[in-house]
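Engineer:
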Amino acid sequence: RVFPEARDASEAAAQEIATLVRSRAAEGRTCILGLATGSTVVKVYSALVRMHQEQGLSFENVAVFVLDEFLPMTPECLQSHVRFIYEHLLDHIDVPRDRIFVPDGTVSQDQLSDYCLKFENRIDEMGGIDMLLLGIGRTGHIGFNEPGSGTDSRTRPITLDAITRIDSASNFFGVENVPRRAITMGVGTILDARRIILLAFGEGKASIVARAVEGEVAPSVPATFLQQHDDVEFFLDSAAAANL
Ligand code: GLP
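Residue numbers (the numbering used here): 1235 to 1478.
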């Protein structure tokens, strides 16, 4: 779906989420959201906060799983995904605190595989992700699934691509400060979500969006695996859709 401006696309994505949250609440069910971080999704979250404050949209029946986190990373750190998701969304809405799950960037090396398995199992125990909101990196990553990630990949530690670290450099005041690794939901974890909305804005995303939508499905561009999912939509502004 191509919108004139990022703001329109963000508003529409927030509406989709709100509709799902309300319909799950009407059925007395929990709504499991998988959420991305990054500049692209900021306006979606501010729209949801506004709906909570102005329209009384309740998130009491919601559980949140955040897609990824840098490794190592402490929650208090300016660049942590924990901090991002609380500042932009969770501090302002009523998701129960015991139903918020963000990959823990402080887990020690020897605990990592155990931790990732537990994170993955927790998603299953909650009933699986109803709606997953994604951005896309210039490498074609979804979450932090860099080129080479296959459809069978699950939540795990991953080495970040050089391009991804360059794209994060300004947030970290220099590329040398960007962590070399991250914890991310796998491509398989992402494809298990019942519904996926990917947002991409601006001309800088135009070529990777075209490859993701129209290119051959291959691990060299992990976002191409979304072509195999039967309920995925890309919400784009006209600049990001320019090469389609
Ligand atoms: C980050 C995150 C992704 C995000 C992407 C795009 O590194 N791991 O989940 O979608 O890169 O970021 P942005 O929205 O800032 O362009």
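Positions of the beta carbon are idealized from the N, C-alpha and C atoms, including for glycine.
(1) Within the chosen definition, does the segment 1383-1395 reach the segment 1317-1334 through at least 3 CB pairs nearer than 8 Å?
(2) Reducing DSSP to helix, strand and coil, say where residue 1386 ends up.
(3) Is the segment 1335-1347 touching the segment 1363-1371 in the sense that three or more CB pairs, one from each, lie closer than 8 Å?
(4) Quick one: Cα of residue 1276 to Cα of residue 1254, how far?
(5) Using DSSP with H/G/I as helix, E/B as strand and the rest coil, what is residue 1285?
(6) Give me the Cβ distance between residue 1354 and residue 1389, rounded to the nearest whole Å; I'm assuming they're in contact under 8 Å.
(7) Just to check my reading of the structure: residue 1328 and residue 1294 have Cβ atoms closer than 8 Å, yes? What is that Cβ distance to the nearest angstrom?
(8) At a threshold of 7 Å, does residue 1392 count as lining the ligand GLP (C-beta to nearest heavy atom)?
(9) Give the straight-line distance between the Cα atoms of residue 1400 and residue 1273, rounded to the nearest whole angstrom.
(10) With a CB to CB cut of under 8 Å and the five nearest residues on each side skipped, what residues in its chain are close to residue 1392?
(11) Would you please state the rounded distance, in angstroms, between the beta carbons of residue 1304 and residue 1469? I believe it to be under 8 Å.
(12) If distances are taken between C-alpha atoms only, which option among 1402, 1324, 1262, 1341 comes closest to residue 1313?
(13) If distances are taken between C-alpha atoms only, which option among 1454, 1471, 1447, 1475 comes closest to residue 1463?
(14) Among residues of its own chain, excluding the 5 on either side of residue 1278, which ones have a beta-carbon nearer than 6 Å to its beta-carbon?
(15) With DSSP as the reference, label residue 1505 as helix, strand or coil.
(16) Using C-beta distances below 8 Å, list every residue in its chain close to residue 1241, excluding the 5 sequence neighbours before and after it, in chain order.
(17) Taking 7 Å as the cut-off, does the CB of residue 1368 come closer than this to any heavy atom belonging to the ligand GLP?
(18) Once DSSP output is grouped into helix, strand and coil, what is the label at residue 1261?
(19) Hey, how far is the Cα of residue 1456 from the Cα of residue 1302?
(20) Go to residue 1357, then tell me how far its beta strand (DSSP E) extends in each direction, as first and last residue.
(21) Just how far apart, CA to CA, sit residue 1363 and residue 1250?
(22) Can you give the beta carbon distance from residue 1427 to residue 1366, rounded, assuming they're within the 8 Å contact cut?
Structural biologist: The short version:
(1) At 8 Å Cβ cutoff, the stretches do not touch.
(2) The three-state secondary structure of residue 1386, taken from DSSP, is coil.
(3) Contact between the segment 1363-1371 and the segment 1335-1347 is absent, because fewer than three Cβ pairs lie under 8 Å.
(4) Cα to Cα, the separation comes out at about 19 Å.
(5) Of the three classes helix, strand and coil, the one that applies to residue 1285 here is helix, per DSSP.
(6) Confirmed, about 5 Å.
(7) Contact holds; Cβ gap of about 5 Å.
(8) Checking the Cβ of residue 1392 against the ligand GLP gives no.
(9) Their Cα atoms are separated by approximately 15 Å.
(10) Result list for residue 1392: 1378, 1379, 1380, 1383, 1415, 1416, 1417, 1418, in chain order.
(11) About 26 Å; that fails the 8 Å criterion.
(12) Nearest C-alpha to residue 1313 among 1402, 1324, 1262, 1341: 1402.
(13) When only C-alpha atoms are compared, the closest one is 1447.
(14) Shown here for residue 1278: same chain residues with a beta carbon closer than 6 Å to its own, the five before and five after excluded, namely 1244, 1247, 1248 in chain order.
(15) No information on residue 1505 is available, as it lies outside the stretch 1235 to 1478 that the chain covers here.
(16) Only residues of its own chain outside the window of five on either side were considered, and among them 1277 have a CB closer than 8 Å to the CB of residue 1241, listed in chain order.
(17) Result yes, Cβ under 7 Å from the ligand GLP.
(18) Three-state DSSP puts residue 1261 in coil, outside helix and strand.
(19) Each residue's alpha carbon lies about 15 Å from the other.
(20) Where residue 1357 is concerned, there is no enclosing beta strand (DSSP E), although the alpha helix (DSSP H) it sits in stretches over 1346-1360.
(21) Taken atom to atom, the span from the alpha-carbon of residue 1363 to that of residue 1250 is near 15 Å.
(22) With 8 Å as the limit, residue 1427 and residue 1366 qualify as a contact, their Cβ atoms being about 4 Å apart.
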